[in-house]
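> Following this message is one structure expressed as structure tokens.
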Amino acid sequence: MRTIDAGKRGEEIAEKALHKAGMKTLARNYRFGHCELDLVMQERKTGTIVFVEVKARSKDTVAFPRQSVTWKKQQNLRKAALGYCAENGLTEQPCRFDVVEVWLDDAHVEQFENAF
Amino acid sequence: MLAKVYSYGLIGLNGFLVTVEASIMNGIGNYQTVGLPDTAVKESKERIHAAIRQSGMSYPVANIIVNLAPADLRKEGSIYDLPIALAILQASGQIRPIPENTIALGELALDGTIRPVNGVLPMMIDAFANGYKEFFIPWENAAEASYIDGATVYAVHSLNELLRHLNASEPLAPIPIRSFSGELVSSSFDFSEIKGQEAAKRAAEVAVAGGHNMLLCGTPGSGKTMLARAIPSILPEMTFSEALEVTKIHSITGRMKGSDGLMVERPFRAPHHGASASALIGGGTKALPGEISLAHNGVLFLDEFPEFQRQVLESLRQPLEDGEVTVSRASANATYPARFILIAAMNPCPCGNRGSKTKKCTCTPSQIRRYASRVSGPLLDRIDLHIEMTEVGYHEITERRPAESSALIRERVKAARLIQAKRFQNDGIRTNAQMNSRLVQTYCTPTGTAETMLQAAFTRLHLSARAYQRVLKVARTIADLDGESEILPKHYAEAIQYRSTELLKV
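Protein chains in written order, with numbering that gives the first Met the number 0: chain A, 0 to 115; chain B, 0 to 505.
As structure tokens, this is what we get:
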């Protein structure tokens, strides 16, 4: 269960960092079928809905965490985002997808706006 | 960050500058190539990734956009691997900017080796004329690139080697510029090996001297093919500009890889009679040159002339007149030079014995007519020298005294070509066969007895206006071989005689 714990911690760190960057949380771990959104945030200034995929890793990995957001994963995130918008009636809202990379060792956060 | 590296592209034989731009932006690793790339260019992404890693550099994990400008011209092939890799390394700050007047071409292997590409010579000639002085090219293409005087050419083995050159830790030496010698290698067939057939040999000499087309019509085994194969041995050397033209055409079809630079010998092309029209004229989706363009400045030998498909033969008509051919396809359009000497060989009838002194022809008149009609009148009209060849007798075959050697004939041909080059120095052509009707009027005006003789021949042989002009051109060549500045009646007489073959009349 350590992987899940690590993921949970990563999401917490990411959420805090995003709050600092001027966003508020709309939902956590939103599920739509087998597709899941880690965080659904909203920019306070512009009102843009931001679907966030959090990738947490410890320092000794081979590749960058962001590289594991593959095409298939992106398709799943798109589906889930559509589901979220439909459920909450957000049809006219601008939205985007961000990937947030969290390095668990030093809690360093890297945000990729409009990742795909 | 943004980086720019220059490369080149080709439409037919003409080059165009390709600006390779790479933009690297923060992101999760999307890669996109824009600017009308074909599949080979799109796939370059994977080769470049591996090659950069193998060369000890890091491949940026970020959103990369590669743009190949101008965006409206199609970019084909693998030549952009190297410039794209350089642009990515430059945009990610791993190498210093490459000088503005530099062109980079080359395909990358996964281990960073640089592989040869097609069309280096025509691209370099065009780029050099447009002010680009430095070139990074694959080392296997070095030979053809070494004749451009004034260019600084670096022949590169691998990406790693180029990177060491660029950061000045191990600078490369530019390849030495070679000068064109035009020296010929001896041909495998020699005219001295051909016994008898003096008339045909003489006609071949005239054809080569003036760039005229020739049709050999004769019984099987009379030496038609042997004569044609020996023709390269009497072709004069090419000038540097002729050699460049020929090499350019051969370069874009990928025939220059690993060879020793320029084509020195005039091309001799002998396609089989099963050849399609596109094989002969040029074609394919990329509108590549065909046999007639590969034979430019040389000889196109069509053995078993009537066995070619009719439509294939007829497609030769226009290039035979114009000396160039425009190949049009949906996705490409290109004009190639096609000034060649056509040597055609055929039998006089299906059984082959018509006109033989010893054997009897067994063909019916209708068979003969059908056979002869496979070669159309308009096509025959464009062939200046019609030669009959019959079997050689026993005494001629066993003759010990060697016939005239190719070297001797070549000297005469060269002398005649020199006279022509002087005469046409302001006319933009090289040989008598290339004269247009205005030039024919200037340089070959029959007078006195010659005029009455030509008049008689014109009516008796039913010559067309074109055939008449061609007779005059052949007469000019014969006079040039004689070293005469005036065309004498005997020269006209010989030229007319090449038009009056009995075997071709049905």
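Glycine residues also receive a C-beta, built at the ideal position from the N, C-alpha and C atoms.
None of the values given here were measured: they were computed from a predicted structure.
Which chain B residues are close to V68(A), counting only those with a beta carbon under 8 Å from its beta carbon?
Chain B residues near V68(A): I27.
> Do you know whose CA, among A432(B), L67(B), I230(B), lies nearest D479(B)'s CA?
Looking at the Cα atoms, A432(B) is the closest of the given residues.
> Show which residues of chain A have a CB atom less than 9 Å away from the CB atom of V60(B).
Residues of chain A passing the Cβ test: A62, F63, R65, Q66.
> Name the two residues that bound the continuous alpha helix (DSSP H) containing T448(B).
Note, T448(B): alpha helix (DSSP H), 447–459.
> To the nearest angstrom, how far is it from the Cα of L88(B) to the Cα of E320(B)?
Going by the C-alpha atoms only, they are around 52 Å apart.
> For K223(B), report the span of its beta strand (DSSP E) as first-last.
Premise fails: K223(B) lies in the alpha helix (DSSP H), 223–229, not in any beta strand (DSSP E).
> Where does E18(A) fall in DSSP's three states?
It should be pointed out that residue 18(A) corresponds to His in this sequence rather than to Glu. The answer is helix: DSSP assigns H18(A) an H, G or I state.
> Let me see if you follow: with CB-CB separation under 8 Å, is F115(A) close to chain B or not?
With 8 Å as the cut-off, F115(A) counts as an interface residue toward chain B.
> Within 8 Å (strictly less), CB to CB, does V98(A) reach chain B?
Judged by the 8 Å Cβ criterion, V98(A) is in contact with chain B.
> For the segment 98–112 of chain A, list every residue whose C-beta sits within 7 Å of some C-beta in chain B, in sequence order.
Per Cβ criterion, the list reads V98, F111.
> From R373(B), Y7(B), F457(B), M213(B), pick the residue whose C-alpha is nearest to that of I136(B); which is it?
If we check each option's Cα against that of I136(B), Y7(B) comes out closest.
> State the CB to CB distance for the pair K194(B) and E395(B), rounded to an integer number of angstroms; the pair is presumed to be in contact (CB under 8 Å).
Correct: roughly 5 Å between the Cβ atoms.
> Kindly list the residues whose CB is nearer than 8 Å to the CB of R95(A), restricted to its own chain and excluding five residues on each side of it in sequence; keep chain order.
Here the set comprises T47, I48, V49, F50, E112, N113.
> Where does P305(B) fall in DSSP's three states?
Reduced to three states, the DSSP call for P305(B) is helix.
> With DSSP run on the structure shown, which of helix, strand or coil describes Y491(B)?
Note: Y491(B) maps to helix in three-state DSSP.
> Alpha carbon to alpha carbon, how far is E313(B) from S375(B)? Give it in angstroms, no decimals.
Spanning the two alpha carbons is a distance of roughly 8 Å.
> Is the distance from the Cβ of M122(B) to the Cβ of C216(B) below 8 Å?
No, they are not a contact pair.
> Look at the alpha carbon of P377(B) and the alpha carbon of T363(B), and state the distance between them as a whole number of angstroms.
C-alpha separation (whole angstroms): 25 Å.
> Tell me which residue opens and which closes the alpha helix (DSSP H) that N66(B) is part of.
Where N66(B) is concerned, there is no enclosing alpha helix (DSSP H), although the beta strand (DSSP E) it sits in stretches over 62–68.
> By Cβ distance below 7 Å, which residues in the same chain neighbour V439(B) in space, the five residues on each side in sequence not counted?
Excluding sequence neighbours, V439(B) sits near Q468, L471, K472.
> I need the DSSP call for H271(B), collapsed to helix, strand or coil.
Three-state DSSP puts H271(B) in coil, outside helix and strand.
> With a threshold of 6 Å on Cβ separation, who are the neighbours of A208(B) within its own chain once the five nearest residues in sequence on each side are excluded?
Closer than 6 Å at Cβ, skipping near neighbours: V412, A415, T476, L480.
> Would you decide whether T451(B) is buried or exposed? Buried here means 16 or more other CB atoms lie within 10 Å of its CB.
T451(B) comes out exposed.
> Using DSSP with H/G/I as helix, E/B as strand and the rest coil, what is L103(A)?
It is coil, neither helix nor strand.
> For F267(B), count neighbouring C-beta atoms within 10 Å of its own C-beta (all shown protein chains included) and say buried if the count is 16 or more, exposed if not.
Label assigned to F267(B): buried.
> Below 7 Å CB to CB, which residues in the same chain sit around N28(A) once its five sequence neighbours on both sides are set aside?
The answer, listed in chain order, is E35, D37.
> Considering just the uninterrupted stretch of the beta strand (DSSP E) at N75(A), what are its terminal residues?
That residue, N75(A), is in no beta strand (DSSP E); its alpha helix (DSSP H) goes 70–87.
> Per DSSP, which one or two residues make a beta bridge with R56(A)?
According to DSSP, R56(A) bridges with W102(A).
> Considering only C-alpha positions, which residue in the set I367(B), E290(B), S355(B), A331(B) is nearest to R338(B)?
For R338(B), the nearest C-alpha among the options comes from E290(B).
> Look at the alpha carbon of I113(B) and the alpha carbon of N66(B), and state the distance between them as a whole number of angstroms.
Cα to Cα, I113(B) sits roughly 22 Å from N66(B).
> So F179(B) and L261(B) are supposed to be a Cβ contact under 8 Å. How far apart are they, rounded?
Confirmed, about 7 Å.
> Exposed or buried, what is A2(B) when buried is set at 16 or more other beta-carbons lying within 10 Å of its beta-carbon?
So A2(B) counts as buried.
> What's the C-alpha gap between A343(B) and A474(B)?
Whole-angstrom Cα-Cα distance: 21 Å.
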